[in-house]
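**Q** If you scroll down you'll find the structure; I have some questions about it.
4 protein chains.
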Amino acid sequence: ADIRNAQDYAALAPHFMPPAHYAYISGGSGHGQSVAANQTALAQWALYPRLLRDVSHGHTRITLAGEEHAHPLLLAPVAFHKLAHAHGEIDTARAADATDTCMIASTQSSYTLEETASAGGARRWFQLYLLPRREDTLDLLRRAEAAGYRAIVLTVDAPIQVANRRALAAQFQLPPDVAPVNLRGYDIAPRYAGNGPGDSRFFQGAMRGAPGWDDIHWVMSQTRLPVWVKGVLHPDDAAALRDAGVTGLAVSNHGGRSLDGAPSGLDVLPAIRAAVGPDYPLMYDGGVQSGSDLFKALALGANAVAVGRLQLYALSVAGALGVAHMVKLLREELEICMAMAGCATVADITGKALFKPAR
Amino acid sequence: ADIRNAQDYAALAPHFMPPAHYAYISGGSGHGQSVAANQTALAQWALYPRLLRDVSHGHTRITLAGEEHAHPLLLAPVAFHKLAHAHGEIDTARAADATDTCMIASTQSSYTLEETASAGGARRWFQLYLLPRREDTLDLLRRAEAAGYRAIVLTVDAPIQVANRRALAAQFQLPPDVAPVNLRGYDIAPRYAGNGPGDSRFFQGAMRGAPGWDDIHWVMSQTRLPVWVKGVLHPDDAAALRDAGVTGLAVSNHGGRSLDGAPSGLDVLPAIRAAVGPDYPLMYDGGVQSGSDLFKALALGANAVAVGRLQLYALSVAGALGVAHMVKLLREELEICMAMAGCATVADITGKALFKPAR
Amino acid sequence: ADIRNAQDYAALAPHFMPPAHYAYISGGSGHGQSVAANQTALAQWALYPRLLRDVSHGHTRITLAGEEHAHPLLLAPVAFHKLAHAHGEIDTARAADATDTCMIASTQSSYTLEETASAGGARRWFQLYLLPRREDTLDLLRRAEAAGYRAIVLTVDAPIQVANRRALAAQFQLPPDVAPVNLRGYDIAPRYAGNGPGDSRFFQGAMRGAPGWDDIHWVMSQTRLPVWVKGVLHPDDAAALRDAGVTGLAVSNHGGRSLDGAPSGLDVLPAIRAAVGPDYPLMYDGGVQSGSDLFKALALGANAVAVGRLQLYALSVAGALGVAHMVKLLREELEICMAMAGCATVADITGKALFKPAR
Amino acid sequence: ADIRNAQDYAALAPHFMPPAHYAYISGGSGHGQSVAANQTALAQWALYPRLLRDVSHGHTRITLAGEEHAHPLLLAPVAFHKLAHAHGEIDTARAADATDTCMIASTQSSYTLEETASAGGARRWFQLYLLPRREDTLDLLRRAEAAGYRAIVLTVDAPIQVANRRALAAQFQLPPDVAPVNLRGYDIAPRYAGNGPGDSRFFQGAMRGAPGWDDIHWVMSQTRLPVWVKGVLHPDDAAALRDAGVTGLAVSNHGGRSLDGAPSGLDVLPAIRAAVGPDYPLMYDGGVQSGSDLFKALALGANAVAVGRLQLYALSVAGALGVAHMVKLLREELEICMAMAGCATVADITGKALFKPAR
Ligand SMILES: Cc1cc2nc3c(=O)[nH]c(=O)nc-3n(C[C@H](O)[C@H](O)[C@H](O)COP(=O)(O)O)c2cc1C
Ligand SMILES: Cc1cc2nc3c(=O)[nH]c(=O)nc-3n(C[C@H](O)[C@H](O)[C@H](O)COP(=O)(O)O)c2cc1C
Ligand SMILES: Cc1cc2nc3c(=O)[nH]c(=O)nc-3n(C[C@H](O)[C@H](O)[C@H](O)COP(=O)(O)O)c2cc1C
Ligand SMILES: Cc1cc2nc3c(=O)[nH]c(=O)nc-3n(C[C@H](O)[C@H](O)[C@H](O)COP(=O)(O)O)c2cc1C
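First to last, the sequence lines map onto chains A, B, C and D. Per the working numbering, the first sequence starts with residue 89, numbered consecutively. Per the working numbering, the second sequence starts with residue 89, numbered consecutively. Per the working numbering, the third sequence starts with residue 89, numbered consecutively. Per the working numbering, the fourth sequence starts with residue 89, numbered consecutively.
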């Protein structure tokens, strides 16, 4: 099969994974409204080609919170890469290294953060989920620091696990050789169940263990690494997190896997950019499958863009090579859009580069 | 079959009822435009997740016109529960009791209001249709009072019966063991036929027997129970009813079963809220099948939300247990939405919690 | 088969006519864009039910340009009723008579205007096409006067015949027993062909024979009957025709059978009403198949509404009885909408009765 | 098969060409978003019929940048006509001649510009692509002048070739007898590859060879022929090109074959017209398949309209005769729209002739 565009990996993936794995990965929470919203939001924009501009000095380099990146594409934190390929995160890390891409390793990886770190390059960040006990969270943080991760991405948008109906229908279960190996030895049983009389298992259960502002401050006080917060969709939350001293934000609806019915991050990105000011670091993820998707998110206010599922799709098709190829294609597709839109640098990509047809 | 969401009962119901019953229940009047409008209206909204808020004291309790309810979900008045399950209203009442849910028993029930009352809990309201003769209406009202119903919901939006085309196509007929047993002994033959020369059977027939303002005043004068009016869609009608001293209103297009072509109550809810002021009790029904549907209606101005068809769907699948399970699921789905939207109480759910993607 | 709504005749008609006849009747010009626009335009509106209003004195009577009508529904001029049923216009006229409906007989009828007149009741209008020669047009007009037609409806929106692609694909041809019998003995060969050097067969052909302002004045000067003009879509044309002394206008895109790509009359009706003032007589036609369609057109500015295709559909299914039944159903459907919208008279039906959901 | 409308050639073409050729011609770049946008943009407009206007002096003649044309329809530059028919550009040129149509011969033609010129009539323009070496470009320009081409259309919107996925999927390759024969003897190997360390093959490759402002000035300085620029979509580019002294612009997204995701030229045409002023020559192309499409583009600001694919479709079906017939049909369809919209001349076609239904 011919692979011409990054998106082709999405079409091929179902042929390279057990159906239940594919259902789990591709699905979203509930009825998949927020998954669909991510695609609809991207599809409504067109790109203005611009003529005769000299972009022969063009490049995709960016500086993100002080750090240089070869291009604005990151690998979003995604759990259990082994579901897509036996080499799992090891291969993803190799591909990230080969393509100068920053990989954000998930707390819920199927190889340990140390294994992933030693397989990959220097550009690596760690996605942190708060564990029920602070001492465990701290240990995880210290291990990430020790393994050379350069930034912490604290994901706070999933205090409650909402079922993925497609995964359930396909009777998805973690296979025996796939587990959240980073968490071995920690006490990860939820501390609150909310099963007292009159209790809600959400309000008095899960939400009692959910991240709060004190956790944000605590994490920042425990590390010198830059701390990003992932999962922001409301401009007021964005402004408050910026005010709290967080390094940057990932505007994301968790790939439509958290609250079903949440808007696409793309639709709220301009309002969030307006709320945090022009210079505050924002990352976008959700539904990105092409260079023009990347371009649109950058134009609407993101400084960088992460892909989630597409990593696993490419990994399933061809392991490290697949991921590296997918990244290369996406980057080239972005370069084509930039060149044709007359944007020599990522900073040149602004809202003026987009056109919204009135339908 | 796995039931994960309240909505799953809607998908299963056709397998648990005779096709003609299902057609009658699921269908709407005419060509079903207003049934469809209810779903379209709900689907156009997204919910803003909010981060890091402490909702560990959260709960779903509300006070509705002075009465405490464990949650803002009611069972809408629905005729002939026996069509879905032999235990009919008896089982629904049991489920309502078990889940602290207020059941609004229909005038057109297939078990008597007294039977339903003795099967259920304390939280019960009675939906009243005006009968052709006032003495019969009064008798019905007195029986409802005697049976401990705590509020009257006077339905006024169906002065003319508009055919349900799907039911007709399926040749639906009431089976011999299903009848409007509450009405036994009353004279329910329409008093006006409109068949004089030049007469319209609607203007000079049905509409002559239709509820008028005098009936509203008369009902209120005959009972100490709170009187709600059900079936309001126009802000001016809402304001006039509030001015007339009615306790509260059910904003509803009768599940798309009255005037085909009527808007969804959801689309007019904000204007009605604006017309009646912030504190006047409003209930919403129409198309609700999930916790996020509930959340949306609450955010757009309702104080409580009722489900119609979903009761019968759950009843058909598993009797009392099904209804109780459906209510539990809906409530949990609402709690998840509230928790993730950072709303600790129903009062926290406002229009600011919603996002409308510009498409 | 059960017929519950006027619209059911549309569904049944294909089973009661040769496919080519059905293609000719149901189709529109070109690719059918304007046919589709008529339905889309109607579908975008919802109707506000209103509560508790006394409409027991309600009726559908209207006065149209000084003439009383039992209801605001007319039978639009439609060519060749024989294509639908051997009794053709004779049966339509009988049905119109039986239902107190004004039939607008087409110039291109398959029974003569005299035959149609003697079969029908007193309420009949004549649709006039200008013939190539004035003396023939005048003869036709005199015959219509003599046969007791009470108004002239001058159709001016079809100066060029645009092919009906569906009819062509079905190889439609007029059968031998169907012909424009009114025109026998007239010279109906087009007077202009536009085939000189550099000539366009449209500009220098058909359009040279097209109706002009002088024709409007000439027709009005030749008859004492009220003269309506049919086929208006632009507000400026409407205002000019009113200023010219025309009795009233039919806002119509000719059922999507003239310029393909013309807007639906419904979409332009409010602007035309605004242009001609509140009291000037306007008729609407295009896509009407139900009482709520009628209601919508009345609410948006029409004083009366005509149906085209539905006549032939009903005629094909059951002759005079079918047409009479269709009219009765439509009228009843209108009465239901009026009663439920709290409109006792047609004059009560205003734009305030409609709601347009923002999608 | 019956051919009634120009558009019918589009439906027939797949039966007259190898599938791979059809895929290459009909497809667009990437996922075909811009191809689709061209049709959506046209479909959203309706045309106002106008009544009773005298258009018997009507005609389609226009003056375009000082040159008289019998009608506002041009044949857009399209590569390799031999893919559609063995006679290729020769037959197209004959058809153009027979129908008084201006053919814009492509640099990438499959017969030489000299062969095409001698087959056709006097009204011919030449579409120029800049070649890697200026001396070759100049030679091509001189040949076009010598062969009697009357204007140069410099295409600048395709600095990067974006793959046509449908052509790739169909494994399209140029057959041995089809080649860019105009370029024989020139050095057409790209001068820049962008394969130094850290180089992008787009920024430091293709874009280094892309047309710049200096090229525009250089071409204008090398010829006395009027110079049009093709491929403009942004109003600022349009204004700058006008200021640079370019004769006129082709507003075009290259038939959706360049940047996938570019807007339709139709959607940006009004803004471009506003930017360049009322009198500056603008051509439109993209998606045009009917007279009403032509009319819409003229109404939205174009002075002339070109068709691309439809030429090849007609050519494939019936060679020169097909193209001539297609042009005749399109012109007649335009005349019908003009006549019915009351526009006697192309100048009468303005934005006021269009209606945009609010959906
Ligand atoms: C299978 C899967 C697992 C994920 N696991 C995590 C995770 O462990 N931590 C996290 O912050 N986000 C996780 N995400 C969300 C991604 O980081 C990202 O927000 C999302 O995938 C972006 O949408 P996309 O997949 O459409 O590109 C996961 C997403 C998927 C699809
Ligand atoms: C089968 C059926 C019977 C109903 N009977 C009554 C009734 O007797 N009285 C009443 O006020 N509403 C009745 N309704 C309307 C409901 O109270 C409610 O307005 C509607 O069902 C809400 O829409 P939903 O079914 O989409 O939730 C009925 C609805 C259904 C589906
Ligand atoms: C088969 C057919 C024949 C028609 N013939 C005429 C005609 O002779 N004169 C005329 O003014 N309109 C004619 N019309 C147009 C109708 O008067 C009317 O404008 C149109 O049918 C209304 O749209 P509807 O068919 O969707 O109701 C014809 C329409 C149809 C469908
Ligand atoms: C097969 C094909 C080849 C084309 N080749 C050229 C070309 O050589 N030069 C050019 O300027 N445009 C070229 N175009 C673009 C056309 O000039 C024109 O912009 C486009 O086809 C208009 O869209 P339409 O095909 O929908 O009418 C080509 C288009 C097609 C379909």
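Glycine included, C-beta positions come from ideal geometry on N, C-alpha and C.
Below 8 angstroms between beta carbons: does that hold for Leu226/C and Val317/C?
**A** Not in contact: Leu226/C and Val317/C (Cβ atoms no closer than 8 angstroms).
**Q** Using a threshold of 7 angstroms, is the CB atom of Ala124/B nearer than that to any non-hydrogen atom of ligand 2?
**A** No, since every heavy atom of ligand 2 falls outside the 7 angstroms radius drawn around the Cβ of Ala124/B.
**Q** Could you say which of His342/A, Pro323/A and Ala207/A lies nearest to Ser117/A if we only look at CA atoms?
**A** Closest by alpha carbon: His342/A.
**Q** Tell me the DSSP bridge mates of Gln67/D?
**A** It is not possible to answer for residue 67/D, since the shown part of chain D is limited to 89 through 447.
**Q** Between Gln259/A and Ala108/A, which are expected to be in contact by the criterion C-beta below 8 angstroms, what is the C-beta distance as a whole number of angstroms?
**A** About 6 angstroms; that satisfies the 8 angstroms criterion.
**Q** If you measure between the beta carbons of Arg397/B and Ser114/B, is that distance less than 8 angstroms?
**A** The answer is yes: Cβ separation under 8 angstroms.
**Q** At a threshold of 7 angstroms, does Val244/A count as lining ligand 1 (C-beta to nearest heavy atom)?
**A** Because no heavy atom of ligand 1 lies under 7 angstroms away, the Cβ of Val244/A does not count as near it: no.
**Q** Between which two residues does the beta strand (DSSP E) containing Leu163/C stretch?
**A** From DSSP, the beta strand (DSSP E) with Leu163/C extends over Leu161 to Leu163.
**Q** Would Glu156/B pass as an interface residue toward chain A - the criterion being a Cβ-Cβ separation below 8 angstroms?
**A** With 8 angstroms as the cut-off, Glu156/B does not count as an interface residue toward chain A.
**Q** Could you check whether the Cβ of Pro220/C sits closer than 7 angstroms to any heavy atom belonging to ligand 4?
**A** The answer is no for Pro220/C.
**Q** Tell me the DSSP secondary structure of Asn270/A in three-state form.
**A** Three-state DSSP puts Asn270/A in a helix.
**Q** Taking a Cβ distance cut-off of 8 angstroms, strictly less, list which residues of the stretch 232 to 266 of chain A are near chain B, in chain order.
**A** Cβ contacts with chain B come from Val244, Asp245, Pro247, Ile248, Val250, Ala251, Arg253, Leu256 and Ala257.
**Q** By Cβ distance below 6 angstroms, which residues in the same chain neighbour Val123/C in space, the five residues on each side in sequence not counted?
**A** Gly116 and Gly344.
**Q** May I ask whether a heavy atom of ligand 3 can be found less than 7 angstroms away from the beta carbon of Leu418/C?
**A** Answer for Leu418/C: no, Cβ out of range of ligand 3.
**Q** Can you have a look at Gly439/B and say buried or exposed, based on whether 16 or more other CB atoms are within 10 angstroms of its CB?
**A** Exposed is the call here.
**Q** Of the residues that make up the stretch 303 to 315 of chain C, which ones have a beta carbon closer than 9 angstroms to any beta carbon in chain D?
**A** If the cut-off is 9 angstroms between Cβ atoms, the stretch 303 to 315 of chain C has Asp303 and Ile304 near chain D.
**Q** Using the beta-carbon count (16 or more within 10 Å), is Asp373/A buried or exposed?
**A** When all chains shown are included, Asp373/A counts as buried.
**Q** On the three-state DSSP scale, how would you describe Phe443/B?
**A** It is a strand residue.
**Q** Below 8 angstroms on the Cβ atoms is my guess for Thr148/D versus Ala158/D; work out the distance and round it to an integer in Å.
**A** About 7 angstroms; that satisfies the 8 angstroms criterion.
**Q** Taking Cβ-Cβ distances shorter than 7 angstroms, what residues in chain A pair up with Asp142/B?
**A** Under the 7 angstroms cutoff, chain A gives Gly300.
**Q** What's the C-alpha gap between Leu140/A and Gln249/D?
**A** For Leu140/A and Gln249/D, the distance between alpha carbons rounds to 16 angstroms.
**Q** Please go through the same chain and pick out, in chain order, the residues whose beta-carbon is closer than 6 angstroms to the beta-carbon of Gly375/D, but skip the five residues on each side of it.
**A** Here the set comprises Asn126, Gln127 and Leu130.
**Q** Could you tell me which of Ala193/D, Leu337/D, Val143/D and Leu321/D sits nearest to Val166/D, measuring between CA atoms?
**A** The shortest C-alpha separation from Val166/D is found at Ala193/D.
**Q** Tyr136/A to Thr189/A, Cα distance in whole Å?
**A** Going by the C-alpha atoms only, they are around 27 angstroms apart.
**Q** DSSP on Trp316/C, reduced to helix/strand/coil?
**A** Reduced to three states, the DSSP call for Trp316/C is strand.
**Q** Would you kindly work out how many angstroms separate the C-alpha atoms of His103/C and Ser206/D, rounded to a whole number?
**A** Computed Cα separation, rounded: 58 angstroms.
**Q** Quick one: give me the first and last residue of the beta strand (DSSP E) that Met191/D is part of.
**A** Segment Cys190 to Ala193, the beta strand (DSSP E) holding Met191/D.
**Q** Rounded to whole angstroms, what is the Cα-Cα separation between Gly353/B and Glu177/B?
**A** Taking the straight line joining both Cα atoms gives about 26 angstroms.
**Q** Tell me which residues of the stretch 404 to 429 of chain D have at least one Cβ-Cβ distance to chain C shorter than 9 angstroms, keeping chain order.
**A** Cβ contacts with chain C come from Arg419, Glu420, Glu421, Glu423, Ile424, Cys425, Met426, Ala427, Met428 and Ala429.
**Q** Of all the residues that make up the stretch 333 to 362 of chain A, which are near chain B by a beta-carbon distance shorter than 8 angstroms?
**A** Cβ contacts with chain B: Asn341, Ser346, Leu347, Asp348, Gly349, Ala350, Pro351, Ser352, Asp355 and Val356.
**Q** Just verifying my parser: in three-state terms, what is the DSSP assignment at Met371/A?
**A** Strand at Met371/A.
**Q** Between Val339/D and Leu313/D, how many whole angstroms is the CB-CB distance? I'm expecting something under 8 angstroms.
**A** That belief does not hold up - the Cβ atoms of Val339/D and Leu313/D are roughly 21 angstroms apart, past 8 angstroms.
**Q** Is it buried or exposed, Arg230/D, if we count other Cβ atoms within 10 angstroms and call 16 or more buried?
**A** So Arg230/D ends up on the exposed side.
**Q** Beta strand (DSSP E) containing Ala394/C: first to last residue?
**A** It spans Ala392 to Val395 - the beta strand (DSSP E) in which Ala394/C sits, taken as one unbroken run.
**Q** Short of 9 angstroms Cβ to Cβ, which residues in the stretch 177 to 193 of chain D face chain C?
**A** Cβ contacts with chain C: none found.
**Q** Based on the DSSP secondary-structure assignment, which residues constitute the bridge partners of Glu155/D?
**A** The partner list for Glu155/D (beta bridge, DSSP) reads Leu152/D.
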